[in-house]
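Enquirer:
Residue numbers (our numbering): 6 to 175.
1) Taking 8 Å as the threshold, find out whether the stretch 161-169 comes into contact with the stretch 67-86 through three or more Cβ pairs.
2) Looking only at its own chain, which residues have a Cβ that is under 6 Å from the Cβ of residue 149, when we skip the five neighbours before and after it?
3) Can you look up residue 65 in the DSSP assignment and give me helix, strand or coil?
4) Just to confirm the assignment, what range does the beta strand (DSSP E) spanning residue 143 have?
5) Using a Cβ-Cβ cutoff of less than 6 Å, which residues in the same chain neighbour residue 95 once the five nearest sequence positions on both sides are dropped?
6) Which residue wins for smallest C-alpha separation from residue 99, given the options 68, 133, 61, 154?
7) Which of the three DSSP states, helix, strand or coil, is assigned to residue 1?
8) Exposed or buried, which one is residue 103 when buried takes at least 16 other CB atoms within 10 Å?
9) What span of residues does the beta strand (DSSP E) with residue 123 cover, start to end?
10) Who are the near neighbours of residue 141 in its chain, counting only those whose CB is closer than 8 Å to its CB and skipping five residues on each side?
11) Please work out which residues of its chain come closer than 6 Å, Cβ to Cβ, to residue 129, disregarding the five sequence neighbours upstream and downstream, and give them in chain order.
12) Over what stretch of residues does the beta strand (DSSP E) that includes residue 132 continue unbroken?
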């Protein structure tokens, strides 16, 4: 399969890299997704970069990245992601809008019984929630686009779960 990929000399390096990764790893590198509502592909690269920056900053501060994803969501909808957290830890969850389409993203965290733990519905394209978990439990992270650019029906979002490093007393 790789011989076929590299024989296409007119393809861009990015396309070759995506094709190579698809053939070797069976994974998808965010880039272009065909929209169900738009006439042309929309790009996830903006939110991919913003999510990567968030991950890099957290790791540089010594925090542990536990989960990250990038997804496509429709106007007037939401996406819910479950995740199991270990007890007696301090966590932070980020929801990141793509800025090209989603201009304000909201985030809510629920426990496994559906009870709201905390939410960030402030204006802005990055929502963040910091909280503690006493016992192991599954949380539900609900992301929704509060605002999108006029005339657009979908956009990309990123979601990052971080276990915060405990502050060391000196």
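Even glycine gets a Cβ: it sits at the ideal position worked out from N, Cα and C.
Expert: If we stick to the structure as given:
1) yes
2) Here residue 149 refers to the residue found at position 144 of the chain shown. Correct list, in chain order: 83, 111.
3) One-based indexing of the chain shown puts residue 65 at position 60. Residue 65: helix per DSSP, three-state reduction.
4) Numbered from 1 along the chain shown, position 138 holds the residue referred to as residue 143. 142-153 is the extent of the beta strand (DSSP E) around residue 143.
5) On the chain shown, position 90 is the one that residue 95 refers to. Result list for residue 95: 137, 169, in chain order.
6) Here residue 99 is taken as the residue at index 94 of the chain shown, counted from 1. Closest by alpha carbon: 133.
7) With the chain covering only 6 through 175, there is no way to say anything about residue 1.
8) Residue mapping note: residue 103 aligns to position 98 of the chain shown, counting from 1. The residue in question, residue 103, is buried, as its Cβ has 16 or more Cβ neighbours within 10 Å.
9) By 1-based counting over the chain shown, the position of residue 123 is 118. In the DSSP assignment, residue 123 falls within the unbroken beta strand (DSSP E) covering 121-125.
10) Within the chain shown, residue 141 is the residue found at index 136, counting from 1. Here the set comprises 89, 90, 91, 92.
11) Reading the chain shown from its first residue, position 124 is the one you call residue 129. Nothing listed; no residue qualifies.
12) Indexing the chain shown from 1 puts residue 132 at position 127. Per DSSP, the unbroken beta strand (DSSP E) holding residue 132 starts and ends at 131-138.
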